Every structure is written in C-alpha cells, then in structure tokens.
Amino acid sequence: MEVDVLVVGAGPTGLTLALDLARRGVRVRVVDKADRFSLGSRGDGIQPRTLEVFEDLGVLDEVISAGMPPPVTRIYDGDRVVWERRMVEPVAPRPDVPYPNVWFVPQWRTEQILRSRLAGHGVEVVLNTGLAGFEQDQDGVTARLERGRTLRAAYLVGADGGRSTVRRQLAVPFVGETHDDITMLLADVRVDGLDHDYGHGWMLEGHTYFGFTPLAGGDDTFVVGTSAAGIPCTLDGLQHTLEAVSGRTDIRLRELTWSTIWRPNIRMVQQFRVGRVFVAGDAAHVHPPTGGQGLNTGVQDGYNLGWKLGAVLDGVPDDLLDSYQAERLPVAARVLGISTQLLEKHVSGADDAFERGEETRQLDLSYRGGPLTLDDGSSSTLAAGDRAPDAPCLHDGRPVRLFSCYAGPHWTLLRFGSTAPTLDRPGVQSHHIGSDLVDADHHIHDAYNVKDAAAVLVRPDGYIGVITSQPAALAAYADRVMPSASRTSPRRC
Numbered sequence: 020m021e022v023d024v025l026v027v028g029a030g031p032t033g034l035t036l037a038l039d040l041a042r043r044g045v046r047v048r049v050v051d052k053a054d055r056f057s058l059g060s061r062g063d064g065i066q067p068r069t070l071e072v073f074e075d076l077g078v079l080d081e082v083i084s085a086g087m088p089p090p091v092t093r094i095y096d097g098d099r100v101v102w103e104r105r106m107v108e109p110v111a112p113r114p115d116v117p118y119p120n121v122w123f124v125p126q127w128r129t130e131q132i133l134r135s136r137l138a139g140h141g142v143e144v145v146l147n148t149g150l151a152g153f154e155q156d157q158d159g160v161t162a163r164l165e166r167g168r169t170l171r172a173a174y175l176v177g178a179d180g181g182r183s184t185v186r187r188q189l190a191v192p193f194v195g196e197t198h199d200d201i202t203m204l205l206a207d208v209r210v211d212g213l214d215h216d217y218g219h220g221w222m223l224e225g226h227t228y229f230g231f232t233p234l235a236g237g238d239d240t241f242v243v244g245t246s247a248a249g250i251p252c253t254l255d256g257l258q259h260t261l262e263a264v265s266g267r268t269d270i271r272l273r274e275l276t277w278s279t280i281w282r283p284n285i286r287m288v289q290q291f292r293v294g295r296v297f298v299a300g301d302a303a304h305v306h307p308p309t310g311g312q313g314l315n316t317g318v319q320d321g322y323n324l325g326w327k328l329g330a331v332l333d334g335v336p337d338d339l340l341d342s343y344q345a346e347r348l349p350v351a352a353r354v355l356g357i358s359t360q361l362l363e364k365h366v367s368g369a370d371d372a373f374e375r376g377e378e379t380r381q382l383d384l385s386y387r388g389g390p391l392t393l394d395d396g397s398s399s400t401l402a403a404g405d406r407a408p409d410a411p412c413l414h415d416g417r418p419v420r421l422f423s424c425y426a427g428p429h430w431t432l433l434r435f436g437s438t439a440p441t442l443d444r445p446g447v448q449s450h451h452i453g454s455d456l457v458d459a460d461h462h463i464h465d466a467y468n469v470k471d472a473a474a475v476l477v478r479p480d481g482y483i484g485v486i487t488s489q490p491a492a493l494a495a496y497a498d499r500v501m502p503s504a505s506r507t508s509p510r511r512c
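Letter by letter, the sequence shown follows residues 20 to 512 in the numbering used here.
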C-alpha cells in the first residue's frame, strides 16, 4: 500500500480526520480538486463540542485567537434601531463544560489552522488533484486521480462536499429535498462606515432579511446575507440595496472577496460505509446554514472515524468500522432536523428566528445504546455513550483537568475505589480517582457520580465507552476494540 488512508477533500471534515490519523502514525494522503485554498467565511460558527475537539487536536489556542464571540445584532427601520439581541446569550464556563459558547471564525482561517497543524506531522494537502474514480477489493482501494495517476490505499474517505464524487460512484442515495423557491445570498465584503462591534440588518418585504455580520480578523470585514430574491451579487448591487433599505450613503462597500448563491439542499445518505470506502461531512449530509451545524457535524464525523481507522490498521477486527455509521447516522439526522427547523423559522419570519438554543451546541449528543457501549448502571448521572465531562482536579499536587488527561490518541481509564477494574493494555492511560487524580473540590464526583469499585473507560474521541464494576466485562470490551499493540504511547496528564 502506498498509504493507509486516502482522504478526498480538504475542508474541515477531511482535515480533522487527516490530523487525527497523522498523530496516530497512520500514513495518510489528502487530495483536493481545487486549484487554491478557499477564502470564504462559509461555516464560521464553531460550536462548543467542536472547540473541545480542537483542544484535543492541539489547535484551540489558535482558533480562539482567530475568532470572536457572537455579536449583538441590531435590526433597523431606516436608521432607527427597532430590535437588538444576540443570537445566543453567553453563559459562564462550568467545571464540566469549559467552552460553553459558540465561537466565530471564518472557515478559511479554521482550515488554514488545521492545515498548519497537519503539516507539522509531515502531511501536506495536494491541490489540483481531483478523484476520477476508484475500485475496491478485499485488500484495499485503487484510486484513479485526475491527470492519470493511481494511488493504492487501505481505505478511502470521501470528504468532498455535497457534490461528492466518492458518494456518486458508490451510488449511495442522497435522500432529501432541494428548495428551489428559497435562495440565500452570502458574500464576504469590506465595508467603510459600519460599526464592527455589531451585526446590522433590515427587514424587507415578505419576511426577508438583508444584513451584515462582522467577521473576525479585520475591523472592516463582514459577511452580508439576504434571502431577498433578485439582488445582484456584485458590489454595485449590494451597495444599491444597502442604500435603498437604510437610507444611508455614508456606508461604502469597497471589496467583495467571496460570494455564493445558496439554495436549501437538505439531504443525507442512509449508508456511511461501503466496504473500504466511507463518506463524511457534506458528502454524507448537507445542512442549511441556519444553526451553524454543518461544519461542526462534519468535524465530529472525522473525529469519530479517525480513531477507529487507526485501531483497525493496528489489528482490531474490521467490523469496528461499522460503528461509524451506527453512531453518526442518527446524529446527522437529528442535527439536520435542527437546522431545518431553524430555516423554517427564518422563512416564516418567526420572532425567535435569530435565537439559538442549547440543542445547537452539540454537547448533548450521545451514542447511548450504540454498539460500542457497556454499562452496568454504576453511575447515576452518566451512561456509556455520553460525552465525558471535564473536571478540574490535582495530579502530583498540581492543578490539571480531566480533558488534559484525555488529550491525545489514547484511551483513558478512571478508577473509582481501590477495587475498581484495571486494564493493562497498550494505548490506555489509567488514573485512580483519589490518589493519582485528587478530586479536592468534588468536581469529578459531581460530573460522574460513579459508585465505589467501578471504572469509566473514555474513548479516544472523548465519549464514554464503558461504565462497569465487572473486570471480566471490561477486559472483554477491550479485546473487541483495542489493538494488542499501539503506534503511540499515552502521555501523562
């Protein structure tokens, strides 16, 4: 094999997957048909769960530096403010939820940060290299790339967007609907005379909206969006509309760097895997931009699949990869429903159309009852399949967080009580709560509430795989999902 995994598509989904694989020592190649990296803001809302993923991947500090919190949006009648509110009000961090708020970063910058981190592992994205086709057999996949080159890989992942070549060749149905009667114009513009501390909008006839949302990275950069039909996607057309709705001529649009006309294409596959080939992100599910769910769900796809591919390449039976579809398909369906409901509010002009609730943060997504869960009821708070909460504690007398113990490509075993099950396996970091990790302020107890003599096994993607007091059950679970040898060693928190 030339590579272990070929990733087609260098958006956030493909880059997250490739980065997770590269840090495991997996030979990964990333190709993209584009001739240059994107400059558009596109999916700029990064949800709290994605921020946690980015912390694990080592890019959170850069993402935070590159972004901004949700701005206050003002709706005007001419030049008079008639409505002022945030899309979602910020909440304070908690011991179990360190990043509770959405963070706005232009997608081009998020991709740039992920590419830089990936390059640190020796993996560069190859542009001008689309996928022409592929054939798979029981041993691998032969990919035919544009310009006549072929590449042999053990597995292929299509993260190549809504018009995915990989999905089309697999002939996997893309079920859903396209609303040709609804259009949304989105464009990144530079503006003089508009306060960058606020979003600014005007309501037009028929519940349509024309507005500017500030973008991080420049005090004169906004994304302009409207659902009004017939507005030309040009500087002159946008300028004319702005003056017509606001009555102001002192606001000047001077540069348009990216634009798109978007129609709601609400679809998802019913099959995320066919043999050695997978689809992820927009190749598997496309969302309305309402709710900021598309990029985030794609990142979670890549993060879910990465550790499983790594385990199988290290010798775990291939059927572990079936859990990718079993876990991610229901999540994609649920999130698609949230995005669609928010779109319907926008179209109908509902009073709460601009508001976002807890369901958009993706912290409550769970794989409970899935194929990778083992739970004997030893916690009265959590269940196997849930996101593993954070908690501050002490290690060797110094402050640490559970998230710092989970960070990296390993599994983590938390043991509650001296007789809790143990697990001596490669790629597992074990901590005894009380001696190794001191729960001085009871934050671990409050978040996990696990009875004495039980253990919690946290997966490499930060979800709970096991809650049990039974050593034999824990060992059998490990036999099923963990390799006998690992390319990487756990680091101490």
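Virtual Cβ for every residue (Gly too), placed ideally from N, Cα, C. Quantities reported herein were computed from a predicted structural model and do not represent experimental measurements.
Every beta strand (DSSP E) stretch that sits fully inside the stretch 98–162 and reaches 3 residues is listed by chain position as 99–105 and 150–155. Within 10 angstroms of the beta-carbon of Asn147 lie fewer than 16 other beta-carbons, which makes it exposed.
Counting along the chain, the unbroken alpha helix (DSSP H) around Pro490 starts and ends at Pro490 to Val500. Judged by DSSP in its simplified three-state form, Glu81 adopts helix. The beta carbon of Pro125 lies closer than 7 Å to those of Ser60, Asp63, Leu234, Ala235 and Gly236 in the same chain, with the five residues before and after it left out.
Segment contact: the stretch 290–298 against the stretch 47–55, fewer than three CB-CB distances shorter than 8 Å; contact not assigned. Here Arg417 is not near Ala410, since their CB atoms are 8 Å or more apart.
With a contact defined as Cβ atoms closer than 8 Å, Pro283 and Ile201 qualify at about 5 Å. In this structure Asn323 is buried. Its beta-carbon is surrounded by 16 or more other beta-carbon atoms within 10 angstroms. In the DSSP assignment, Leu204 forms a beta bridge with Thr245 and Ile280.
Assignment of Val296 by DSSP, reduced to helix, strand and coil, places it in the strand class.
The beta-bridge partner set that DSSP reports for Ala172 consists of Val22 and Val160. DSSP places Phe422 in no beta strand (DSSP E) but in the uninterrupted alpha helix (DSSP H) bounded by Leu421 to Tyr425.
Judged by DSSP in its simplified three-state form, Asp301 adopts helix. Its chain contains Ala29, Gly30, Pro31, Leu34, Phe56 and Ser57 as the residues whose beta carbon lies nearer than 8 Å to that of Glu130, once the 5 sequence neighbours on both sides are disregarded; these appear in chain order. As DSSP reads the structure, Gly230 sits in a beta bridge with Gly220 and Gly244. By the Cβ criterion, the stretch 176–193 is not in contact with the stretch 216–229, since fewer than three pairs of Cβ atoms, one from each stretch, lie closer than 8 Å. As summarised for the stretch 384–423, the continuous beta strand (DSSP E) elements at least 3 residues long and confined to that stretch are 411–414 and 417–420, given in chain order. Judged by DSSP secondary structure, Arg48 falls within the beta strand (DSSP E) whose first and last residues are Val47 to Val50. Tyr482 has Arg406 as its beta-bridge partners, per DSSP. With 16 or more neighbouring CB atoms inside 10 Å of its own CB, Trp127 falls in the buried class. Taking C-beta separations shorter than 8 Å and ignoring five residues to either side along the sequence, the partners of Val296 in its chain run Phe153, Gln155, Val160, Tyr174, Leu175, Val176, Gly177, Val185 and Leu189, following chain order. Between the stretch 320–334 and the stretch 209–218 there are fewer than three C-beta pairs closer than 8 Å, too few to call the two in contact.
Non-local C-beta neighbours of Leu355 in its own chain, meaning closer than 7 Å and more than five positions away in sequence, comprise Ile285, Met287, His304 and His306, ordered along the chain. Within its own chain, the residues whose Cβ lies closer than 7 Å to the Cβ of Ala247, once the five positions on either side in sequence are excluded, are Leu223, Thr227 and Phe229, listed in chain order. For Ala172 against Leu25, the beta-carbon gap comes to about 4 Å, under 8 Å, which counts as contact. When secondary structure is reduced to three states using DSSP, Asp214 falls in the coil class, being assigned neither helix nor strand. Collapsing the DSSP output to three states places Ile285 in a strand. A distance below 8 Å separates the beta carbons of Leu339 and Val500. Under the three-state reduction of DSSP, Val191 is assigned to coil, being neither helix nor strand.
Here the C-alpha atom of Arg406 lies approximately 10 Å from the C-alpha atom of Arg478.
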